[in-house]
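Participant: Below is a structure I'd like to ask you about.
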Amino acid sequence: MLSTMMKHGFLFRGNMTAAVAATRIVSQGLNHRRPLLLRRYLQSTSNNAASDDDRRQAMREIRQAKKEAMAEKERQLNQLLNPSRQSVPEVKDVDVREAPPTKESKKSRRIYKDQRKELYSEAGRLTKSLYRTCLRSVEMIRAGNEVDEANFKEREEDDDAFSTANMFSGAGGMVDRHNELESRANYYHQYTQENFSQESDSLMV
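For what it's worth, full-length UniProt numbering labels the leading residue of the sequence shown as 1, then goes sequentially.
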């Protein structure tokens with residue numbers, strides 16, 4: 001089809017409209033057989049001895065030739081405007097549920113099941129590890145709180161006794177509990193970074 005169009009000096013491009021393309025195709029296609037048919041028609045009309053049947057036969061041949069040329073050029077134009085219909089074969093709809101399983105499908109399903117099982121196992125392992133780490137942290141924090149509270153109470157009593165003894169001298173001062181809480185918070189923050197780094201990295205993925 002492309003060679004035929006190039007033979008007549010016409011190559012369809014994307015910026016040319018379908019109407020112009022159709023006009024050129026049809027007009028050029030009709031010119032192939034037009035001279036012969038016209039000569040036969042003119043000969044039949046110029047010959048006084050020609051009968052009416054001969055003239056009607058010539059007219060029928062001209063109309064039939066035009067009709068065939070139009071049909072052929074219309075077919076070529078449809079192929080030109082819709083190339084995908086010629087290049088892509090028609091595929092019938094197939095119900096996947098009725099298709100028997102193949103070796104590839106069985107292998108894919110087995111791989112999918114293995115991957116899902118592995119992911120579940122890894123998630124369970126991370127959950128248990130995080131849970132055990134949390135339990136250890138709670139136990140250590142509880143013990144640390146008890147020690148901190150005991151030390152704080154002892155120091156507070158000592159400071160109160162010292163303040164009472166030096167009440168009139170003005171050397172005593174109030175116990176600053178804010179420093180104790182800040183120190184404890186820094187300790188917990190450092191402990192969390194040291195013991196939860198693996199679990200936090202795994203959960204952030």
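In this text, a Cβ means the ideal position worked out from N, Cα and C, and glycines have one as well.
In this text the structure is predicted, and so the values were computed from the model without any measurement.
Taking just the CA atoms, how far does Ser129 sit from Ala161?
Facilitator: The residue you call residue 161 lines up with position 161 of the sequence shown. The residue you call residue 129 lines up with position 129 of the sequence shown. Using only the alpha carbons, I get a separation of about 48 angstroms.
Participant: To the nearest angstrom, report how far apart Ala143 and Gln115 are at their CA atoms.
Facilitator: As a first step, residue 143 must be located in the sequence shown, where it is residue number 143. As a first step, residue 115 must be located in the sequence shown, where it is residue number 115. Using only the alpha carbons, I get a separation of about 42 angstroms.
Participant: To which residues of the same chain is Thr192 closer than 8 angstroms at the C-beta, ignoring the five residues directly before and after it?
Facilitator: On the sequence shown, residue 192 is found 192 positions in, with the first residue counted as 1. Closer than 8 angstroms at the Cβ level, and outside the excluded window around Thr192, lie Ser137.
Participant: Would Asn186 pass as a contact of Thr133 if the rule is Cβ separation under 8 angstroms?
Facilitator: Numbered from its first residue, the sequence shown carries residue 186 at position 186. Numbered from its first residue, the sequence shown carries residue 133 at position 133. With respect to the 8 angstroms criterion, Asn186 and Thr133 are not classified as neighbours on the basis of their beta carbons.
Participant: To the nearest angstrom, how far is the alpha carbon of Lys153 from that of Gln190?
Facilitator: For the purposes of this step, residue 153 is taken as residue 153 along the sequence shown, with counting starting at 1. For the purposes of this step, residue 190 is taken as residue 190 along the sequence shown, with counting starting at 1. Taking the straight line from one Cα to the other gives about 24 angstroms.
Participant: Using a Cβ-Cβ cutoff of less than 7 angstroms, which residues in the same chain neighbour Lys113 once the five nearest sequence positions on both sides are dropped?
Facilitator: Looking up residue 113 in the sequence shown gives position 113. Excluding positions up to five away in sequence, the list is empty.
Participant: Taking the C-alpha atoms as reference points, what is the distance between Asp148 and Leu135?
Facilitator: The residue you call residue 148 lines up with position 148 of the sequence shown. The residue you call residue 135 lines up with position 135 of the sequence shown. Approximately 20 angstroms between the Cα atoms of the pair.
Participant: Tell me whether the beta-carbon of Tyr188 lies closer than 8 angstroms to the beta-carbon of Ile141.
Facilitator: Here residue 188 corresponds to residue number 188 of the sequence shown, with the count starting at 1. Here residue 141 corresponds to residue number 141 of the sequence shown, with the count starting at 1. Yes; because the gap between Cβ atoms is below 8 angstroms, this pair is in contact.
Participant: Residues in the same chain with beta-carbon distance under 7 angstroms from Arg184, minus the five sequence neighbours each way, listed in chain order, please.
Facilitator: In the sequence shown, the residue the question calls residue 184 occupies position 184. Answer for Arg184: Asp148, listed in chain order.
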